[in-house]
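The block underneath contains the structure these notes are about, expressed in structure tokens.
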DNA sequence: CCGCATCCTTAGCGATACTG
DNA sequence: CAGTATCGCTAAGGATGCGG
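Chains as they are written, first to last, in our numbering: chain S, 319 to 449; chain P, 319 to 449.
So, in structure tokens, the structure goes:
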């Protein structure tokens with residue numbers, strides 16, 4: 319009989335895991351910007367404030383639900399700010415905060431890597447699938 | 319009666335969306351590296367080849383299923399290579415390809431941004447939630 | 001114009017058990 | 001040691017319709 323059972327080992331691993339994840343902000347960040355529309359919204363706001371309706375046009379194909387949800391999350395995280403003009407009908411403008419803007423270089427770096435290297439990835443994938 | 323119905327407009331948006339997505343490799347990339355374990359595996363392989371079992375220990379908390387799945391996807395995308403030594407028991411080593419290594423600076427950039435800025439994000443979130 | 005609420009379908013992921 | 005197969009849960013996300 320081992321000093322620790324498999325279940326205990328799993329528990330320990332889970333604790334290590336939690337600790338690792340907790341001290342790994344990168345994962346948290348990827349959880350954010352990895353979600354389907356975040357990068358597109360950030361890029362959509364890159365060249366100045368935009369209205370909700372403008373964004374939904376700029377980011378063709380986004381459902382109104384996901385746009386709102388994405389914007390809410392970004393606002394909550396302090397990456398964008400939301401300004402409501404109480405006219406009739408209402409007007410809502412979104413804008414990158416300083417924190418949000420500081421993320422743009424990263425998003426652009428990702429985009430650049432992707433633009434120059436994704437073709438290779440596609441090629442590798444086709445070759446792999448051909449086997 | 320409008321020249322185009324709402325349904326038609328949605329269809330057009332969907333086509334635009336497809337075109338946009340198709341020509342937007344960054345999204346594809348984020349779909350990859352955004353998944354839960356990819357960045358951790360890349361970092362796990364950053365300082366040299368590793369055996370499957372090594373990786374599963376380095377990346378505490380990853381299930382064996384997800385580790386295999388992640389490794390397979392990365393291999394398929396040409397980001398890592400897989401070397402099998404047909405001993406008994408088998409030995410499998412994984413290693414970053416050149417393409418995979420070229421992704422490391424990006425992963426590290428993400429990690430650095432996260433380490434310096436996630437506290438601000440957390441703070442923003444708490445403040446937002448306090449309302 | 002903006003966004004919430006509801007329903008429903010799929011994809012991600014973990015747990016477990018089994019093979020060479 | 002490395003990998004596969006199955007089950008079941010949960011979260012993501014799209015469609016639609018209502019309300020300020």
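By construction, the Cβ of each residue, glycine as well, lies at the ideal position given by its N, Cα and C atoms.
Helix, strand or coil at residue i according to DSSP, with G and I counted as helix
i, result
"residue 402 of chain S", "strand"
"residue 453 of chain S", "Residue coverage of chain S in this structure runs from 319 to 449, which leaves residue 453 of chain S outside it and unanswerable."
"residue 329 of chain P", "Bear in mind that a pLDDT of 47 at residue 329 of chain P, under 50, signals an unreliable position, so the number given afterwards is only what the model happens to contain. Note: residue 329 of chain P maps to helix in three-state DSSP."
"residue 320 of chain S", "In this prediction, residue 320 of chain S scores a pLDDT of 45, lower than 50, which makes its location untrustworthy; the coordinate-derived value is nonetheless stated afterwards. Three-state result, residue 320 of chain S: coil."
Euclidean distance between Cα positions of residue i and residue j
i, j, result
"residue 399 of chain P", "residue 374 of chain S", "41 Å"
"residue 355 of chain S", "residue 406 of chain P", "47 Å"
"residue 397 of chain P", "residue 417 of chain S", "31 Å"
"residue 361 of chain P", "residue 425 of chain P", "8 Å"
"residue 327 of chain P", "residue 379 of chain S", "For residue 327 of chain P, the predicted model reports a pLDDT of 45, less than 50, meaning its position is unreliable and no value from the coordinates is stated."
"residue 346 of chain P", "residue 438 of chain S", "13 Å"
"residue 445 of chain P", "residue 415 of chain S", "15 Å"
"residue 409 of chain S", "residue 387 of chain P", "46 Å"
"residue 289 of chain S", "residue 368 of chain S", "Here chain S covers residues 319 to 449 and nothing more, so residue 289 of chain S does not appear."
"residue 442 of chain S", "residue 372 of chain S", "38 Å"
"residue 342 of chain S", "residue 413 of chain S", "28 Å"
"residue 401 of chain P", "residue 366 of chain P", "13 Å"
"residue 447 of chain P", "residue 350 of chain S", "17 Å"
"residue 359 of chain S", "residue 370 of chain P", "38 Å"
"residue 332 of chain S", "residue 376 of chain P", "Residue placement at residue 332 of chain S is poorly supported in this model, since its pLDDT is 49, which falls under 50; the coordinates are not used for a value here."
"residue 411 of chain S", "residue 403 of chain S", "8 Å"
"residue 419 of chain S", "residue 433 of chain S", "21 Å"
Nearest-angstrom Cβ-Cβ length linking residue i and residue j, presumed shorter than 8 Å
i, j, result
"residue 422 of chain S", "residue 344 of chain S", "With a Cβ gap of about 18 Å, residue 422 of chain S and residue 344 of chain S do not count as contacting."
"residue 451 of chain P", "residue 348 of chain S", "Missing from the structure shown is residue 451 of chain P; chain P here goes from 319 to 449 and no further."
Per-residue contacts from residue i into chain S (C-beta, under 9 Å)
i, result
"residue 432 of chain P", "342, 343, 344, 345, 346, 347 and 348"
"residue 446 of chain P", "393, 394, 395 and 396"
Residues that residue i contacts on chain S, provided the C-beta gap is smaller than 8 Å
i, result
"residue 438 of chain P", "396 and 417"
"residue 424 of chain P", "427, 428 and 431"
"residue 357 of chain P", "344, 345 and 348"
"residue 443 of chain P", "394, 395 and 396"
Cross-chain neighbours of residue i in chain P, by beta carbon under 7 Å
i, result
"residue 369 of chain S", "Within 7 Å Cβ-Cβ: nothing; residue 369 of chain S doesn't reach chain P, min ~17 Å."
Proximal chain P residues relative to residue i, where beta-carbon distance stays under 8 Å
i, result
"residue 420 of chain S", "431 and 435"
Chain-ordered chain P contacts of residue i [CB-CB under 9 Å]
i, result
"residue 400 of chain S", "By Cβ distance, chain P contributes nothing, its closest Cβ being about 11 Å from residue 400 of chain S, past 9 Å."
Beta-carbon neighbours of residue i, restricted to chain S and to distances below 7 Å
i, result
"residue 364 of chain P", "In chain order: nothing, as chain S lies at least about 13 Å away."
Cβ-heavy atom distance, residue i to the ligand MG, below 7 Å
i, result
"residue 350 of chain P", "This structure simply doesn't include the ligand MG, nor any ligand for that matter."
Kindly confirm or deny that the segment 389-404 of chain S and the segment 371-391 of chain P touch, where touching means at least three C-beta pairs closer than 8 Å.
no
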